[in-house]
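Novice: Numbering (my numbering), first residue to last: 2 to 309.
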Amino acid sequence: MNMAKATTSTNNIPLVMKAAQQSNFGEIRQVLTLSDDVIVPQKLSSHQILVRVHAASINHIDLKLLKGNLWPITRFSFPHIPGIDVAGVVVDIGSAVKRFKIGDKVYGNLGINGCGYAEYVCGKESMFALKPTNLTMEEAAAIPVACEISYQVLFNKVSPRIGTETKIFIFGGSSATGFFAIQLAKAVGAQVATTCSQRNFSLSKKTRFDHIQLIIIKYFLFTGYTITENKDEINNDPQKILVIDYNAKDFGQELQGQNYDVVYDCVGGQQQWISAQQILKIGGQFITIVGDDPNSVLSFKWIATMGL
Numbered sequence: 002m003n004m005a006k007a008t009t010s011t012n013n014i015p016l017v018m019k020a021a022q023q024s025n026f027g028e029i030r031q032v033l034t035l036s037d038d039v040i041v042p043q044k045l046s047s048h049q050i051l052v053r054v055h056a057a058s059i060n061h062i063d064l065k066l067l068k069g070n071l072w073p074i075t076r077f078s079f080p081h082i083p084g085i086d087v088a089g090v091v092v093d094i095g096s097a098v099k100r101f102k103i104g105d106k107v108y109g110n111l112g113i114n115g116c117g118y119a120e121y122v123c124g125k126e127s128m129f130a131l132k133p134t135n136l137t138m139e140e141a142a143a144i145p146v147a148c149e150i151s152y153q154v155l156f157n158k159v160s161p162r163i164g165t166e167t168k169i170f171i172f173g174g175s176s177a178t179g180f181f182a183i184q185l186a187k188a189v190g191a192q193v194a195t196t197c198s199q200r201n202f203s204l205s206k207k208t209r210f211d212h213i214q215l216i217i218i219k220y221f222l223f224t225g226y227t228i229t230e231n232k233d234e235i236n237n238d239p240q241k242i243l244v245i246d247y248n249a250k251d252f253g254q255e256l257q258g259q260n261y262d263v264v265y266d267c268v269g270g271q272q273q274w275i276s277a278q279q280i281l282k283i284g285g286q287f288i289t290i291v292g293d294d295p296n297s298v299l300s301f302k303w304i305a306t307m308g309l
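1. Can you find the residues in the same chain that come closer than 7 angstroms, C-beta to C-beta, to alanine 142, ignoring five residues on each side of it along the sequence?
2. Which runs of the alpha helix (DSSP H) spanning at least 4 residues fall entirely within the region 143-198, listed in chain order?
3. For the alpha helix (DSSP H) that contains histidine 61, what are its first and last residues?
4. Going by C-alpha distance, which of Val193, Val264, Asn157 is nearest aspartate 233?
5. Cβ of lysine 19 less than 8 angstroms from any chain B Cβ?
6. Buried or exposed for serine 311, please, with buried defined as at least 16 other CB atoms from any protein chain shown within 10 angstroms of its CB.
7. Look up proline 15 in the DSSP assignment and say whether it is helix, strand or coil.
8. So which of Val90, Leu155, Val154 has the shortest CA-CA distance to threonine 134?
9. Is lysine 102 buried or exposed, if buried means 16 or more other CB atoms sit within 10 Å of its CB?
10. Where do the N-terminal and C-terminal ends of the alpha helix (DSSP H) with glycine 253 fall, by residue?
11. For a test of the three-state rule: what should DSSP assign to arginine 30, helix, strand or coil?
12. One question on the structure: do glycine 95 and serine 24 come within less than 8 angstroms of each other, judged by their Cβ atoms?
13. Would you be able to state if there are at least three C-beta pairs under 8 angstroms between the region 64-71 and the region 120-140?
14. On the three-state DSSP scale, how would you describe alanine 141?
15. Can you tell me which of Ile288, Val17, Ile14, Ala20 puts its alpha carbon nearest to the alpha carbon of asparagine 157?
16. Going by DSSP, name the residue or residues bridged to alanine 21.
17. Starting from alanine 277, follow the alpha helix (DSSP H) in both directions and report where the run begins and ends.
18. Let me confirm a value: asparagine 260 is counted as buried when at least 16 other C-beta atoms fall within 10 Å, else exposed. Which label applies?
19. Can you list, in chain order, the residues of its chain with a C-beta nearer than 7 angstroms to that of methionine 18? Leave out the 5 residues immediately preceding and following it.
20. I believe valine 244 touches threonine 167 by the beta-carbon criterion, under 8 angstroms. Please report the beta-carbon distance rounded to the nearest angstrom.
21. Can you tell me whether aspartate 266 is buried or exposed? The criterion is at least 16 other CB atoms within 10 Å of its CB, across all chains shown.
22. Tell me which residues share the same chain as alanine 277 and place their Cβ nearer than 6 angstroms to its Cβ, disregarding the 5 neighbours each side in the sequence.
23. Quick one: give me the first and last residue of the beta strand (DSSP E) that lysine 106 is part of.
24. Report the three-state DSSP secondary structure of valine 103 (helix, strand or coil).
25. By Cβ distance, which residues of its chain are closer than 7 angstroms to proline 145, with the 5 residues on each side in sequence left out?
Here it is as structure tokens:
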């Protein structure tokens with residue numbers, strides 16, 4: 002008698018799933034394919050959870066990993082499922098999991114090895130958090146990497162700790178890391194200046210907008226802050242954020258001698274360091290998460306130099 006092949010496990014979780022798989026390092030269209038017969042993780046360790054993925058985001062670090070720019074710190078073989086940031090629903094838990102139960106809506110950072118561009122993903126419970134009820138799955142999936150990077154920079158790398166007396170300039174305010182850096186810095190009362198294009202700046206001043214317009218609108222209009230192009234206004238109004246159009250002005254010349262405590266570079270390039278020296282106070286900090294060349298390939302020499 003012919004037996005039908007099982008398609009689900011005993012707990013109604015499929016045995017196979019769809020997933021984006023990477024065959025090698027290279028350009029996305031050349032190395033990334035969609036497969037529909039990838040094995041769903043079935044055996045969880047004691048502290049792992051299995052999540053049915055509802056949304057996943059694409060970060061610059063995902064693109065660098067795909068291209069092989071970060072190959073010295075990768076620990077995966079091919080074919081590989083990329084994707085670091087996810088949001089979804091817990092469908093199974095390990096025997097020692099305490100923080101979550103089946104049915105919980107979660108979001109998380111899967112780490113450098115990813116595996117998030119799939120219908121199901123497993124990871125340590127420490128990689129996840131309960132999704133805030135006021136966020137959609139898509140919004141939650143856009144948070145982990147970008148927010149964690151900026152949090153680490155502002156609260157673990159900046160010294161002394163930022164607060165109401167801190168003046169911080171964020172280069173790349175319309176980037177994902179820049180978005181979160183602005184919100185985090187303003188949350189502790191810091192004086193914030195940033196850059197974005199004139200297009201984004203114009204959009205941020207509108208009160209009516211549609212789906213395709215950038216998140217910067219929601220970001221500025223719904224956090225209780227107003228934006229200005231007048232550098233003198235932010236000295237008297239802590240609720241204002243100074244925005245400089247980087248296509249029209251050099252922030253170093255625009256804010257020369259303003260004695261900023263911190264310049265946080267979210268974009269990369271040597272010009273940011275040159276301009277930063279014009280606005281930083283003596284002893285101020287310049288922190289970049291990209292480096293001189295945004296397209297550079299990570300090397301063992303660089304790792305040794307940075308102490309990673």
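Ideal placement from N, C-alpha and C gives every residue a C-beta, glycine not left out. Here the structure is a predicted model, which means the values were calculated and not measured.
Specialist: In short:
1. Ala56, Ala57, Ser58, Asp86, Val87, Ala88, Tyr108
2. Here the runs fully enclosed are 145-153, 177-188.
3. 61-68
4. Val193
5. As a matter of chain content, chain B is missing from the structure shown, which is built from one protein chain.
6. Beyond the ends of the chain as shown, which are 2 and 309, falls residue 311; an answer cannot be given.
7. strand
8. Of Val90, Leu155, Val154, the residue nearest in Cα terms is Val90.
9. exposed
10. Glycine 253 -> alpha helix (DSSP H) spans 252-255.
11. helix
12. The answer is no: Cβ separation not under 8 angstroms.
13. no
14. helix
15. Of Ile288, Val17, Ile14, Ala20, the smallest CA-CA separation from asparagine 157 is found for Ile288.
16. Alanine 21 is bridged to Leu35.
17. 271-280
18. exposed
19. Val39, Val41, Ala119, Glu120, Tyr121
20. Actually they are not in contact, since the Cβ atoms of valine 244 and threonine 167 sit about 18 angstroms apart, beyond 8 angstroms.
21. buried
22. Val264, Phe287
23. Element bounds for lysine 106: 106-110.
24. Reading the sequence as shown, one finds isoleucine at residue 103 and not valine. Three-state DSSP puts isoleucine 103 in coil, outside helix and strand.
25. Asp86, Tyr108, Gly109, Asn110
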